[in-house]
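Here is the structure we will look at.
2 protein chains.
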Amino acid sequence: MSDSRAAQVYGGESLLFLTDEQLRQGIEAMFFAYRGFTADPDRILADMSYGRAHHRAIHFINRAPGTTVNNLLAILGVTKQSLNRVLRTLIADSLVESRVGKLDKRERHLHLTEAGRALEAQLSDAQRARMRAAYKEAGPEAVAGFKQVLEAMMDADMRRAYVKLRDGTP
Amino acid sequence: MSDSRAAQVYGGESLLFLTDEQLRQGIEAMFFAYRGFTADPDRILADMSYGRAHHRAIHFINRAPGTTVNNLLAILGVTKQSLNRVLRTLIADSLVESRVGKLDKRERHLHLTEAGRALEAQLSDAQRARMRAAYKEAGPEAVAGFKQVLEAMMDADMRRAYVKLRDGTP
DNA sequence: CTTGGAATGTCAACAAGGCTGACGTAAACT
DNA sequence: AGTTTACGTCAGCCTTGTTGACATTCCAAG
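First to last, the protein sequences are chains D and G. For the first sequence, the residue numbers in my numbering are 1 to 170. For the second sequence, the residue numbers in my numbering are 1001 to 1170.
So, in structure tokens, the structure goes:
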């Protein structure tokens, strides 16, 4: 099981890309690339007293303004207590606004303030710059493959959330 | 800067894949996919009292048996205090062995024990299974693109480390 | 209408795993 | 002999995850 060669030919197509060696390369690529992926925003956030969790919250509030805490919870995949701590500081610092729901007063609808949008843009710009350079270096076909593999790697729930965000939320 | 259309044509090739929207998709794909990427080993480790940090150490010790602490530090990108805490528990639990260097007695060479290799295989199998499914679903060309983009996303240092591991350490 | 349960969000306390800083020891280098 | 390198460790801090307890609000069954 641990050293499946997978060097057979199946349906006329070589399966050499499924060797353990190829898979290991992908695993290590994910590890190193994710570090790069988060490095630039992390540097910016380190100066303020924020962390990656704040970035994630800001990102998704910006993506879906008015989203509820529960909604955000599902997307971020953390406990509400964990998210709450982050939100509390963001609200205290006037980057995020929490509005009591009109229909259901239990819900809180989250919005970025002007300052919040400014920080979001700063973080986003930094992360996109690296992404853009990588895309440019690899080319459009590589990018298509990149997205396909990542999507196939997600848990089913997350995949639904991703696709929903990607295709707009009708 | 924040909403560059990038919809021009450059060198005869469309640059539509470099729009902010495309970049944002890639960013979110990385976020969700990384969660899936770590989910299976995390579940296994949760039962023991280990975490992701232990997994990383075990992975790279297995990849480069006899590596030194300093070496591992550079690859993992953490402080020695942080790594040491992890290594201490792994050594105490007889999953890792630390041997004093023969040429340079200041160095400690790290090896997995039999038990260490068993755990590594268990974690590795779980992670590879997901990777294999994703590769299979996306196909060989997508996988090639996936790796290209990830490699281009890494910091230069990490890219060197990655390539060195990938091509064997001569 | 009331009451009990479900949903939503907040507060408190704890653990993992990053970090810095300081220090000690042994070996290697100059 | 003195300096540098490799490693280990102690102490303390921060972020970010966790569980447990609790308040508020909604809704539906009696």
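Where is the CB? At the ideal position from N, CA and C, for every residue including glycine. Just so you know, these numbers come straight off a predicted model, no measurement behind them.
Contiguous beta strand (DSSP E) elements confined to the stretch 1070-1104 of chain G occur at 1096-1100, taking only those with 3 or more residues. When DSSP states are grouped into helix, strand and coil, residue 110(D) belongs to the strand group.
By the beta-carbon neighbour count (other beta carbons within 10 angstroms, threshold 16), residue 80(D) is exposed.
In summary, the residues of the stretch 110-136 of chain D whose CB is separated from some CB of chain G by less than 8 angstroms are 121, 124, 125, 127, 128, 130, 131, 132, 133, 134, 135 and 136, in the order they occur in the chain. For residue 154(D), no alpha helix (DSSP H) run applies, since DSSP gives it neither H nor E.
Taking 8 angstroms as the CB threshold, residue 1036(G) lines the interface with chain D. Annotation: the continuous alpha helix (DSSP H) that includes residue 38(D) extends over 20-47. About 7 angstroms separates the Cβ atoms of residue 61(D) and residue 111(D), confirming a contact at the 8 angstroms cut-off.
Burial of residue 1150(G) is indicated by the presence of at least 16 other C-beta atoms within 10 angstroms of its C-beta. The stretch 1111-1124 of chain G makes no contact with the stretch 103-122 of chain D, as fewer than three CB pairs between them are under 8 angstroms.
For residue 86(D), same chain residues with a beta-carbon under 7 angstroms away, outside a window of 5 residues either side, are 53, 54 and 57 in chain order. Taking 8 angstroms as the upper bound for CB-CB distance, residue 1136(G) and residue 18(D) are in contact here, some 7 angstroms apart.
Taking all protein chains in view, the Cβ of residue 1033(G) is crowded by 16 or more other Cβ atoms within 10 Å, so the residue is classified as buried. About 6 angstroms separates the beta carbons of residue 1158(G) and residue 36(D), which is inside the 8 angstroms limit, making them a contact pair.
In this structure, the CA atom of residue 153(D) is about 8 angstroms from the CA atom of residue 1133(G).
Under the DSSP assignment, residue 64(D) falls outside any alpha helix (DSSP H); it carries neither an H nor an E label. Excluding its 5 nearest sequence neighbours in each direction, residue 1127(G) has C-beta neighbours in its own chain below 7 angstroms: 1040 and 1041, listed in chain order.
Going by C-alpha positions, residue 38(D) is about 23 angstroms away from residue 93(D). A check of alpha carbon separations from residue 51(D) across 24(D), 123(D) and 63(D) identifies 123(D) as the nearest. The Cβ neighbour count for residue 1066(G), taken over all protein chains shown within 10 Å, is under 16; the residue is labelled exposed. Taking a C-beta cut-off of 9 angstroms against chain D, the contacting residues of the stretch 1140-1160 of chain G are 1140, 1141, 1142, 1143, 1144, 1145, 1146, 1147, 1148, 1149, 1150, 1151, 1152, 1153, 1154, 1155, 1158 and 1159, listed in chain order. Residue 20(D) and residue 26(D) have their C-alpha atoms roughly 10 angstroms apart. The CB of residue 33(D) comes closer than 7 angstroms to the CB of 1150, 1153 and 1154 in chain G, given here in chain order. Residue 51(D) has a beta carbon lying at 8 angstroms or more from every beta carbon in chain G. Chain order gives no chain D residues near residue 1048(G), where near means a beta carbon separation below 9 angstroms; the closest approach is about 20 angstroms.
The C-alpha of residue 1156(G) lies about 15 angstroms from the C-alpha of residue 138(D). Rounded to whole angstroms, residue 1024(G) and residue 97(D) show a C-alpha spacing of 23 angstroms.
Relative to residue 90(D), the option among 45(D), 141(D), 15(D) and 144(D) whose CA is nearest is 45(D). For the C-beta of residue 1020(G), the chain D residues within less than 8 angstroms are, from N- to C-terminus, 128. Using a Cβ distance threshold of 8 angstroms, residue 1145(G) and residue 145(D) count as a contacting pair.
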